[in-house]
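Asker:
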Amino acid sequence: MFAYIGGKSRQSKWIRSLMPNDFIVYVEVFGGAMWNYINLPYVPEVVYYNDVNPHLANLWFCMKEYDKFLELIEKEISNLTTRKPTTK
Ligand SMILES: C[S@@+](CC[C@H](N)C(=O)[O-])C[C@H]1O[C@@H](n2cnc3c(N)ncnc32)[C@H](O)[C@@H]1O
3 MFAYIGGKSR QSKWIRSLMP NDFIVYVEVF GGAMWNYINL PYVPEVVYYN DVNPHLANLW
63 FCMKEYDKFL ELIEKEISNL TTRKPTTK
């Protein structure tokens with residue numbers, strides 16, 4: 003993952019100790035780099051990510067839908083390599 007200002011990678015063990023053991027829905031209202039989620043010992047059934055930063059939200063969306071993301075990247079690369087020069 004990536005370092006992020008205010009990221010909770012170092013506090014996640016402590017935060018985890020304050021959380022219940024039997025939740026199935028995980029909500030990050032200030033998602034950021036999601037360090038607390040990443041350091042959970044298991045994957046909750048339902049995960050909500052929220053962040054005011056649209057670039058971060060988009061990054062997580064691309065990771066979640068990586069098949070679609072890779073398809074889009076491949077299409078864009080193909081367009082770049084097959085694009086004909088424009089004439090004036
Ligand atoms: C310190 S980071 C969160 C760290 C994260 N929870 C973790 O476990 O590593 C704080 C995040 O809150 C977001 N944020 C700040 N104000 C917000 C708001 N009003 N609504 C939603 N997200 C906000 C910032 O964009 C930033 O990514």
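In terms of our numbering, the sequence shown is residues 3 to 90.
C-beta atoms are modelled at their ideal positions from N, C-alpha and C, and glycine is treated no differently.
Computed from a predicted model, the values in this text were never measured in an experiment.
Roughly how many angstroms separate the alpha carbons of Ala5 and His57, rounded to a whole number?
Answerer: In a straight line, the C-alpha of Ala5 is about 15 angstroms away from that of His57.
Asker: Apart from the five residues just before and just after Pro46, which ones in its own chain have a Cβ nearer than 8 angstroms to its Cβ?
Answerer: Correct list, in chain order: Phe25, Ile26, Val27 and Tyr28.
Asker: Pick from Ile7, Val54 and Trp16: whose alpha carbon is nearest that of Glu30?
Answerer: Out of Ile7, Val54 and Trp16, Val54 has the C-alpha closest to the C-alpha of Glu30.
Asker: One question on the structure: do Met65 and Tyr51 come within less than 8 angstroms of each other, judged by their Cβ atoms?
Answerer: Their beta carbons are not under 8 angstroms apart, which means Met65 does not touch Tyr51 by this criterion.
Asker: So what's Glu67 in DSSP terms, helix, strand or just coil?
Answerer: Coil, per DSSP.
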